[in-house]
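Scroll down for the structure; my scribbles are underneath it.
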Amino acid sequence: MMQIEKYKTEIEYCTLERCAFCREGCPSWEQMRFETYFARGRMYLIQGILNGDLKLNKEIADVIYSCTTCGYCKDMCEAGVPTTDIYEAFRKDLVKNGFAPLERHKKLVEYMKHDHMRNPYGEEKTKKYEWTTEFSNIKDKGELVFFGGCTMPLRSPSTLKNMIKILHAAGKEIAITKDEWCCGSIGLRIGDIKFAEEQAKHNIELFKDMGAKTVMTACAGCYRTLKKDYPEILGEKLPFEVKHITELLVEILKINKLPFTEEKEKTKVTYHDPCHLGRHMNLFEVPREVISKIPGIDLIEMKRNRKNAFCCGAGGGVKSQFPDLAINNAKDRIREAIETGAEILLSSCPFCIGNLNDALNEMASKIQDKIKVIDILDLIALKIQEK
Ligand code: SF4
Ligand code: SF4
Numbered sequence: 001m002m003q004i005e006k007y008k009t010e011i012e013y014c015t016l017e018r019c020a021f022c023r024e025g026c027p028s029w030e031q032m033r034f035e036t037y038f039a040r041g042r043m044y045l046i047q048g049i050l051n052g053d054l055k056l057n058k059e060i061a062d063v064i065y066s067c068t069t070c071g072y073c074k075d076m077c078e079a080g081v082p083t084t085d086i087y088e089a090f091r092k093d094l095v096k097n098g099f100a101p102l103e104r105h106k107k108l109v110e111y112m113k114h115d116h117m118r119n120p121y122g123e124e125k126t127k128k129y130e131w132t133t134e135f136s137n138i139k140d141k142g143e144l145v146f147f148g149g150c151t152m153p154l155r156s157p158s159t160l161k162n163m164i165k166i167l168h169a170a171g172k173e174i175a176i177t178k179d180e181w182c183c184g185s186i187g188l189r190i191g192d193i194k195f196a197e198e199q200a201k202h203n204i205e206l207f208k209d210m211g212a213k214t215v216m217t218a219c220a221g222c223y224r225t226l227k228k229d230y231p232e233i234l235g236e237k238l239p240f241e242v243k244h245i246t247e248l249l250v251e252i253l254k255i256n257k258l259p260f261t262e263e264k265e266k267t268k269v270t271y272h273d274p275c276h277l278g279r280h281m282n283l284f285e286v287p288r289e290v291i292s293k294i295p296g297i298d299l300i301e302m303k304r305n306r307k308n309a310f311c312c313g314a315g316g317g318v319k320s321q322f323p324d325l326a327i328n329n330a331k332d333r334i335r336e337a338i339e340t341g342a343e344i345l346l347s348s349c350p351f352c353i354g355n356l357n358d359a360l361n362e363m364a365s366k367i368q369d370k371i372k373v374i375d376i377l378d379l380i381a382l383k384i385q386e387k
């Protein structure tokens with residue numbers, strides 16, 4: 001039996017309704033402008049498979065994997081079609097039937113399974129912890145465990161160094177293990193879940209041995225995977241709480257724990273909601289509360305924000321398999337950020353920030369001069385005095 005069969009009725013809601021409320025704002029539709037590149041067309045396609053009118057093939061797999069699984073269509077759908085759950089189910093079917101993982105995804109999965117790597121970037125395992133060497137106050141065990149994930153330590157270690165600077169200023173200590181495996185987000189999003197269970201078990205055992213009461217992460221993708229997917233995959237409650245760094249920051253800022261420098265002038269910023277934090281986990285206001293508590297900051301919203309936020313274009317395996325699609329969406333998002341008059345585009349996900357910066361680097365220098373893309377952590381670190 002195919003996984004998509006259990007969604008037969010819901011798929012029918014869409015093909016009967018045919019409203020297309022989910023079209024404008026769908027990242028793959030915005031770039032491709034073709035019916036099968038947004039939810040309604042994809043539902044027709046899947047219905048065709050279920051009815052036996054279509055057969056699974058490589059072209060259908062490409063269409064399904066060009067979706068960033070951003071969740072915009074699911075949130076917009078008044079008929080209640082659980083689009084992203086249907087995509088995830090269909091991706092499992094594609095993997096099971098040998099039409100996926102797609103070529104580039106296959107490589108990522110290989111890297112994640114490799115004992116010397118355990119990350120999708122194909123880097124040596126030890127490289128993930130190089131950023132920690134300059135800090136003597138990181139413990140091996142403790143109640144507050146930090147899960148670094150792969151993207152931030154390998155692609156933006158300076159943000160992690162800024163995080164330690166902030167936590168140090170707030171008098172917080174964290175523990176880190178040097179044997180983390182990738183959280184498994186990529187495997188889960190592309191439908192190759194066999195290995196994800198092993199990854200979840202490995203990481204959970206580590207956290208337990210470390211004495212974790214709270215596991216914290218600064219990556220939106222890791223946050224969703226640890227907090228939502230792990231209990232679902234394993235069918236049990238986690239023996240610790242999972243927090244995103246912004247949830248800890250808001251607690252720290254509420255009791256004025258940070259030595260901010262005095263600001264005479266206001267800096268205009270805007271905030272990009274990572275899909276894995278916002279639509280997937282409903283964490284819309286916490287990052288905004290953090291930003292609003294930084295002195296001298298004026299937060300101006302983009303026209304599409306919170307539940308309506310436009311995806312950066314990188315998620316769901318799109319960045320690796322369809323890099324142009326990811327970059328072109330990110331360019332649109334940057335233009336939208338510039339329209340607000342902000343000098344800084346903030347986010348709270350290394351994957352969004354990486355994709356937005358890749359796009360910005362390809363844009364004209366006069367656009368690059370207008371805006372910077374950084375993590376909330378980088379902004380706070382800029383505004384506090386060293387102790
Ligand atoms: S909003 Fe829902 S019913 Fe309408 S086209 Fe999109 S998925 Fe189908
Ligand atoms: S999840 Fe996002 S990218 Fe995928 S069809 Fe829905 S709106 Fe488009």
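Just so it is clear: in the sequence shown, position 374 is 374 by this note's numbering, and no numbers are missing. Glycine included, each C-beta is placed from N, C-alpha and C at the ideal position.
If you draw a 10 Å sphere on the C-beta of Q385, you find fewer than 16 other C-beta atoms in it, and that means exposed. By the Cβ-count criterion, H244 is buried, with 16 or more other Cβ atoms from all chains shown falling within 10 Å of its own Cβ. Boundaries of the alpha helix (DSSP H) harbouring L249: I245 to K254, taken from the DSSP string. Put simply, of A359, Q3, I193 and Y13 the residue whose alpha carbon is nearest the alpha carbon of A89 is Q3.
Segment contact: the segment 98-106 against the segment 291-308, fewer than three CB-CB distances shorter than 8 Å; contact not assigned.
A distance below 8 Å separates the beta carbons of L206 and D179.
In the structure shown, the three-state DSSP call for F146 is strand. Residue environment for A364: exposed (fewer than 16 other C-beta atoms within 10 angstroms of its C-beta). Per DSSP, the unbroken alpha helix (DSSP H) holding S320 starts and ends at V318 to Q321. When beta bridges are read from the DSSP output, D375 appears opposite S347. For R224 against M281, the beta-carbon gap comes to about 6 Å, under 8 Å, which counts as contact.
Restricting attention to R40, M152 and N119, the CA atom closest to the CA of T217 is found in M152.
As for any alpha helix (DSSP H) of minimum length 4 sitting wholly inside the segment 270-296, the runs are 285-292, ordered along the chain. In the displayed model, K383 falls within a helix according to three-state DSSP. Secondary structure note for T83: its alpha helix (DSSP H) is the uninterrupted segment T83 to K96. D140 and I176 have their C-alpha atoms roughly 6 Å apart. If you draw a straight line from the Cα of L234 to the Cα of K58, it comes to about 31 Å.
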